[in-house]
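Residue numbers (the numbering used here), protein chains in the order written: chain R, 24 to 369; chain B, 16 to 249.
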């Protein structure tokens with residue numbers, strides 16, 4: 024490991040200053056759902072799954088607003104690692120709780136001032152984040168950041184601008200509605216691969232991690248900063264969104280292949296029962312394309328399980344999976360869009 | 016009052032080239048199996064009247080239609096963000112309630128289908144959804160002066176609304192205030208170049224700066240600084 028990695032200094036390419044991406048800790052202490060009736064996590068309808076950083080109020084029938092109460096822990100290393108020495112005792116920083124709901128075009132950033140807090144050093148900072156039902160649909164992401172609150176020119180090796188990210192933590196997700204999820208595995212997490220011994224080397228762009236076989240997770244390599252930036256592009260016009268679509272197609276091809284093969288290996292040959300719920304979903308997604316002659320999903324599951332178990336038919340299964348994914352993704356259309364974008368820009 | 020229906024994806028198969036060209040229309044009866052109730056009722060009268068005036072007063076394809084219509088779209092369709100996130104409502108509005116308006120504004124473009132059928136998290140494409148959401152992210156309560164300012168220049172409306180940073184209201188307001196036509200028309204480079212390069216560089220800056228960490232004054236300072244650098248470089 025390099026000295027940069029030991030101190031957790033720089034995350035990904037293109038980050039010009041020290042940024043401690045995982046240094047904060049957001050803990051949810053309680054969740055109150057308010058409306059005609061009141062609910063909290065003692066009810067079955069409100070679920071707080073700390074290991075998955077997930078709160079679900081999908082089961083709550085009627086509500087007006089939800090209040091998430093919790094703390095954000097800021098360790099001393101945030102101040103030591105991201106601020107010039109002269110500023111560490113009276114840090115010019117803000118704690119921001121970025122609150123984002125993509126379906127309602129919403130980004131908000133209540134800060135410590137709104138929670139009547141002054142961030143003056145290491146410690147746990149309490150917050151009560153209120154989210155109104157009228158403002159959200161689907162999922163809401165809650166992510167804490169420590170950012171600079173003033174410009175500085177004392178030491179340009181550190182962040183200089185107001186709003187510069189200094190530290191953060193992984194986001195929590197508040198589920199307020201059932202989502203139309205066509206494969207949660209394709210909502211990737213971004214990590215520098217060279218920080219993880221169990222990940223492939225830094226040349227890889229993506230990695231499907233089966234550490235917990237019940238919830239495979241897709242990671243993108245933050246070491247490829249420019250590509251990850253393109254993949255996070257939210258636009259619809261121009262070269263970057265076109266390139267993003269092609270890049271995602273390439274990743275999807277690989278990911279669906281792994282998921283389908285893994286599902287085929289795990290499904291019970293006799294009963295067609297999958298080992299994990301995601302395997303049922305993945306096979307269902309491809310049921311029209313995989314073996315078009317087979318109408319019943321259960322029969323399809325048995326068929327791919329048989330093929331996977333049989334050395335002779337494994338190549339047939341791999342071929343069928345490849346064809347099915349290509350039918351679903353429609354590579355030529357995306358590639359043509361990108362090509363035409365290039366022509367327009369010539 | 017009119018109940019806004021939700022048109023599901025199955026109904027999209029009925030959107031033919033003849034419909035897009037205005038050679039045929041679709042009614043609620045035609046799309047019946049693909050419509051579901053939302054319980055959201057609105058009085059469409061002001062928008063009906065505005066749409067009629069638009070067709071009488073503006074040439075087909077005139078981009079100024081957006082500026083004239085957006086505040087009325089937003090005021091008439093008095094929806095919460097949660098309600099506005101139901102994509103099928105916008106398909107119902109474009110296909111059944113206002114197809115002539117959509118064709119009057121967008122009938123000349125190749126991608127007219129997306130003006131009827133896109134939506135969701137893409138606030139750039141669907142003809143009515145686009146006006147509503149751009150009004151939503153630019154208004155200040157009942158004051159739509161920023162909505163009118165952003166539509167004064169299509170480049171500004173497109174370049175801001177198509178970016179993820181536009182979901183954070185202080186940044187959207189700052190972009191409009193610093194980049195609107197009256198602020199930059201006396202500067203030497205072309206307005207569209209200033210807007211395009213400033214918003215592109217702002218997006219790049221916001222990969223390092225946390226957008227949600229900026230309030231309105233800080234956002235104005237940042238956008239102004241980028242705009243001034245862009246003008247100097249052009």
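Just so you know, even glycine gets a beta-carbon here, dropped at the ideal spot from N, CA and C.
None of the values given here were measured: they were computed from a predicted structure.
Check, Outcome
"Examine chain B for any beta-carbon lying closer than 8 Å to the beta-carbon of residue 84(R), and answer yes or no.", "no"
"If you count every other CB in all the chains shown that lies within 10 Å of the CB of residue 160(B), and 16 or more means buried, which is it?", "exposed"
"Give the range of the alpha helix (DSSP H) segment to which residue 118(B) is assigned.", "114-121"
"Tell whether a beta-carbon distance below 8 Å holds between residue 92(B) and residue 148(B).", "no"
"By the 10 Å Cβ neighbour count, where 16 or more other Cβ atoms means buried, how is residue 72(R) classified, buried or exposed?", "exposed"
"Hey, residue 97(B) and residue 139(R): beta-carbon distance below 8 Å or not?", "no"
"Is the CB of residue 108(R) under 8 Å away from at least one CB in chain B?", "no"
"Pop quiz: residue 210(B) and residue 171(B) are said to be a contact at Cβ under 8 Å. What is the actual Cβ separation, rounded to whole angstroms?", "5 Å"
"For residue 231(R), which three-state DSSP category applies?", "strand"
"Could you please tell me which residues of the region 44-73 of chain R, in chain order, have their CB closer than 9 Å to any CB of chain B?", "none"
"Quick one: what's got a C-beta closer than 6 Å to residue 4(B)'s C-beta in the same chain, skipping five residues either side?", "Only positions 16 to 249 of chain B appear in the structure, and residue 4(B) is not among them; the question remains open."
"What residue ranges within the region 165-201 of chain R form continuous beta strand (DSSP E) runs of no fewer than 3 residues, ordered along the chain?", "188-191, 195-198"
"Determine whether the Cβ of residue 146(B) lies closer than 8 Å to any Cβ atom of chain R.", "no"
"Shorter than 8 Å from the beta carbon of residue 222(B) to some beta carbon of chain R?", "yes"
"Which residues mark the beginning and the end of the alpha helix (DSSP H) in which residue 213(B) is found?", "206-220"
"Using beta-carbon positions only, say whether residue 101(B) and residue 83(B) come within less than 8 Å of one another.", "no"
"In the DSSP assignment, find the unbroken beta strand (DSSP E) run with residue 122(R) in it and report its ends.", "116-124"
"Counting only beta-carbon atoms, is residue 152(B) nearer than 8 Å to chain R?", "yes"
"Listed in chain order, which residues of the region 176-203 of chain R have Cβ atoms closer than 7 Å to some Cβ of chain B?", "184, 185, 186, 187, 188"
"Can you pull the DSSP bridge partners for residue 134(R)?", "119(R)"
"Taking its Cβ as the centre, do 16 or more other Cβ atoms sit within 10 Å of residue 94(B), making it buried, or is it exposed?", "buried"
"Using only CA atoms, which one of 73(B), 110(B), 75(B), 18(B) lies nearest to residue 31(B)?", "110(B)"
"Out of curiosity, what's the CA-to-CA distance linking residue 207(R) and residue 191(R)?", "The predicted model places residue 207(R) with a pLDDT of 48, which falls under 50 and marks its position as unreliable; any figure quoted below should be read in that light. Their backbone Cα atoms lie some 23 Å apart in a straight line."
"Classify residue 290(R): buried if its beta carbon has 16 or more other beta carbons within 10 angstroms, exposed otherwise.", "buried"
"Using only alpha-carbon positions, find the residue among 205(B), 183(B), 216(B), 104(B) that is nearest to residue 18(B).", "104(B)"
"Take residue 114(R) as the anchor and find which of 127(R), 86(R), 174(R) has the nearest alpha-carbon.", "174(R)"
"What would DSSP say about residue 69(R), mapped onto helix, strand or coil?", "coil"
"Measuring alpha carbon to alpha carbon, tell me which of 152(R), 321(R), 335(R) ends up nearest residue 306(R).", "321(R)"
"Of all Cβ atoms in chain R, is any one closer than 8 Å to the Cβ of residue 228(B)?", "yes"
"Could you please tell me which residues of the region 100-133 of chain R, in chain order, have their CB closer than 9 Å to any CB of chain B?", "117, 119, 120, 121, 122, 123, 124, 125, 126, 127, 128, 129, 130, 131, 132, 133"
"Only counting the same chain, and skipping five residues up and downstream in sequence, which positions put a Cβ closer than 8 Å to that of residue 16(B)?", "56, 57, 58"
"Within 8 Å of any Cβ in chain B, is that where the Cβ of residue 160(R) sits?", "yes"
"Is there at least one Cβ from chain B nearer than 8 Å to residue 38(R)'s Cβ?", "yes"
"At the level of alpha carbons, what is the spacing between residue 140(B) and residue 220(R)?", "44 Å"
"For residue 32(B), name the three-state secondary structure that DSSP assigns.", "helix"
"So which of 253(R), 242(R), 252(R), 188(R) has the shortest CA-CA distance to residue 277(R)?", "242(R)"
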